[in-house]
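Input: a single structure, listed below in C-alpha cells.
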Amino acid sequence: MLDVTATRSLHTQRFGQSPAMFAAPGRVNIIGEHTDYADGFVMPAAIDFATLAAISPRTDTTVAIRSINFDEEVTYPVDHLPTSASHQWRDYPLGVLSVLREAGVPIPAFSLTLNGDVPIGAGLSSSASIEVASMVAVLSLTRADIPMTRVAQLCQRAENHFVGASTGIMDQFIACCGAEDHALLLDCRSLEYRLAPIPSHLSLVIANSMVKHSHAGGEYNTRRSEVEEGTALLRRHRPEIRLLRDATPDDLVRWGQEMRPEVLKRCRHIITENIRTVAAADALESGDLKTLGRLMYEAHASYRDDFEASCPECDILVDLAGKEPGCIGARLTGGGFGGCTVNLVENSQAGTFSEHLREGYREATGIEADIYLCHASAGAHRIPETEGETQLAR
Ligand code: GLA
C-alpha cells in the first residue's frame, strides 16, 4: 500500500528537506478503446492506485530524481538534461521536463522522489500517473499557472515525443481530471467532459491477467497506423473526415471494401466503439445498468474480433465474469494485448465474484491472477501537509 508518510520520510532522509507531496492516479477504462487518437470518446475512471511525487527545491544547479520502485537515483545538471529516451523509468519524468522546457517553462533545480503502486505493464496507466505526478510536482516550484487539461496535453506530448509511444490523451487526461466515485466521459476532440456517478452499490473489480503489455513500439503503434491507413482512404471519398470520429458505419459499407481486410476491421471497431461509448455514458447516467453491461460485452467482442487486441487469457477472464451473478459487465481495459479486465460488479457479490474468477482462471490457464477491488478516485492533487498519517486509502 502507498504510504504517504513513509515516502515523505524517505525523501527527507535522502535530500535533507521536507518535500511538498503530490499524487496522480492510474486509471481503468470502462469503455472506449483506441478511440482517443481518432478524436472520439472514452469513459475511464481514475483508480486508487497512484504515483506519489515528493519534491523540494535545491540550491545548486542539479536535478535529482529518485525512484523508490526501481531503487535508483539519477542526477543531471539542470542545463544538460537528456534530450532522448533511454527506455527506462526515468524517461517519464525526463520527458516531462523536456516538454515543459519546450513550452517555455524554466526548469528549476530540484530533488524528486517517485513512489507508486500502479501495477506496471498491466494496462492501468502507470506511465501517465508518473508523468502527471512529476509534472504537477515540478510546476509547483515554478510560477507557471497551467490548467489541468493543458497538463494532460503536455504529458501526452512527453509520452509521444520523448518516450516514443504514439498514445492518445485518455490516460493523462483522467489522471489529471478524474473525480471520486465518478466515471468521466471525454470528447477527445474538444476535451469537453462530463462526470457520471458510478452507483454506490457497484464495485470496480479489476482482474490482472498477468500477461504483460507495452506501448512503446509493438502492436499498439501497428494498430494506430492501420487506423490511419483506413482513415486516409475514407478521406479520399469524404474530405471532411479528418479522423475516424467523423466517419459513420455507412461510410464503411460504401468504401470499406477498398481497404485491406484487417484495416476495415480496425476501422469498424473504432467507429462502432465511439457509438457504444456515448450510449454507455447515457446508460450510466440514466441508471440503465443492463444496457451499460451489454455495451461493455459488445465492446470486448469488437476489441477481440475486429481490433484483434485481446489475448486468450483476457477472453477467458471476460467469459468467466459473464457467468457470475452480480456482474453487470466485463471487458479488457486499456491498450490491449494483455493487461487487465474491468468488471462492474454488485458490491454484495464482489467477494465471491473475485474468488470464482481467480479459481476459474487458475483452472483454465494455470496462472494466478491478481484481483483488485477498486473505487473511482480523484485526479492529480497536492497532498496536504497535515495528511501525515494518511495512506492513500484502499
Ligand atoms: C493506451 C493509450 C491510450 C489509449 C488506450 C486504448 O492506454 O495510452 O491513449 O489509446 O491505450 O484505448
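The numbering of the sequence shown is our numbering, which starts it at 86 and goes up by one. We put the beta carbon where it would ideally sit given N, CA and C, even for glycine. Treat the numbers as computed from the prediction; the structure is a model and nothing was measured.
Sort out for me which residues DSSP pairs residue i with in a bridge.
| i | result |
| --- | --- |
| C459 | L289 |
| P162 | T147 |
| P282 | H267 |
| N428 | V290, A415 |
| E157 | S152 |
| T136 | A109, G201 |
| P142 | F195 |
Quick one, which of the options has its alpha-carbon nearest residue i's?
| i | options | result |
| --- | --- | --- |
| Q102 | V184, P110, R143, E118 | R143 |
| F438 | P282, A415, E314, Q238 | A415 |
| M106 | D391, F126, A237, T198 | T198 |
| D256 | T234, F247, A454, D266 | T234 |
| S152 | A207, L166, L95, Y457 | L95 |
| F216 | L182, G206, E187 | The question names Phe, yet the displayed sequence has Glu at residue 216. Cα-wise, what sits closest to E216 is L182. |
| S214 | A237, I413, Y382 | A237 |
| E118 | T450, L209, C261 | L209 |
| L369 | A108, P284, H354 | P284 |
| C399 | L269, R345, L442, P410 | L442 |
| G125 | A218, H165, I132, G253 | G253 |
| H172 | I259, A222, F247 | F247 |
| Q342 | H322, E358, Q434, Y161 | H322 |
| P204 | E470, C459, H466, A463 | C459 |
Taking 7 Å as the line, does the beta carbon of residue i fall inside it for any heavy atom of the ligand GLA?
| i | result |
| --- | --- |
| M295 | no |
| S196 | no |
| T252 | yes |
| S395 | no |
| G419 | yes |
| E409 | no |
| L304 | The sequence given here has Glu at residue 304, not Leu. No, since every heavy atom of the ligand GLA falls outside the 7 Å radius drawn around the Cβ of E304. |
| Y382 | no |
| Y446 | no |
| E216 | no |
| N359 | no |
| H246 | no |
| M128 | no |
| E158 | no |
| D121 | yes |
| D256 | yes |
For residue i, which residues from the same chain have a beta carbon less than 6 Å from its beta carbon, with the 5 sequence-adjacent residues on both sides left out?
| i | result |
| --- | --- |
| T92 | L137, A139, N200 |
| Y305 | G420 |
| A229 | V190 |
Output needed for residue i: all residues of its chain with C-beta closer than 7 Å, excluding positions within five of it in sequence on either side, in chain order.
| i | result |
| --- | --- |
| R309 | Y122, S251 |
| N154 | N200, G201 |
| P193 | P142, L226, T227 |
| V403 | H385, A415, R416, L417, T426 |
| P397 | none |
| H286 | E431, N432 |
| E311 | E347, V348, R351 |
| A281 | H267, A268, L270, A366, L369, E370 |
In chain order, what residues of the same chain have a beta carbon less than 8 Å from the beta carbon of residue i, not counting five sequence neighbours either side?
| i | result |
| --- | --- |
| T97 | S103, P104 |
Please give the ranges of any alpha helix (DSSP H) in the segment 222–249, keeping only runs that are unbroken, at least 4 residues long and fully inside the region. 233–242
Segments assigned alpha helix (DSSP H), at least 4 residues, entirely inside the segment 324–373: 334–340, 346–371
Fully enclosed by the segment 163–209, which alpha helix (DSSP H) runs are 4 residues long or longer? 176–187
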